[in-house]
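**Q**
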Amino acid sequence: MIQNEAAFQQELLLFLPLTAVAIWLPVSVLLKALLICSLLFILFAEMANTAIEAAIDRIGTDYHPLSGLAKDIGSACVLVSFMIATIVWSAVFLSID
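Using the working numbering, the first residue of the sequence shown is number 1, and each one after it goes up by one.
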């Protein structure tokens with residue numbers, strides 16, 4: 001997965017320093033866990049999206065509307081995971097005194 005998926009590599013490169021930032025922030029352990037979980041959710045969504053794309057590609061290369069829909073929904077899940085992480089990180093940063 002790490003060798004083949006550029007998006008996953010980029011998200012992993014985002015995950016590592018942001019995890020360090022989350023640990024360093026002067027917030028409670030619960031908020032640190034929430035920040036890290038929001039980042040893990042991005043990786044989870046990307047893995048699910050990759051699995052959906054691999055399954056669809058395995059079935060065949062012919063275009064079918066349902067195949068396109070499945071891939072689009074998988075990509076939308078990744079987008080939503082980024083939105084969730086952005087909201088969580090923004091809320092935590094705004095709550096710091």
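For each residue, glycine too, the CB sits at the ideal point set by N, CA and C.
Select from N4, L35 and N49 the residue whose C-alpha is nearest the C-alpha of L18.
**A** Nearest C-alpha to L18: L35.
**Q** Please work out which residues of its chain come closer than 8 Å, Cβ to Cβ, to Q75, disregarding the five sequence neighbours upstream and downstream, and give them in chain order.
**A** Residue identity check: residue 75 is Ser in the sequence provided, not Gln. N49, listed in sequence order.
**Q** Name the residue from I59, I52, L14 and D57 whose alpha carbon lies nearest to the alpha carbon of S38.
**A** Among I59, I52, L14 and D57, the Cα nearest to that of S38 belongs to L14.
**Q** With a CB to CB cut of under 6 Å and the five nearest residues on each side skipped, what residues in its chain are close to A22?
**A** Correct list, in chain order: K32, L35 and I36.
**Q** Say the cut is 7 Å; is the CB of I23 nearer than that to a heavy atom of the ligand NAP?
**A** The ligand NAP is absent from the structure shown, which contains no ligand whatsoever.
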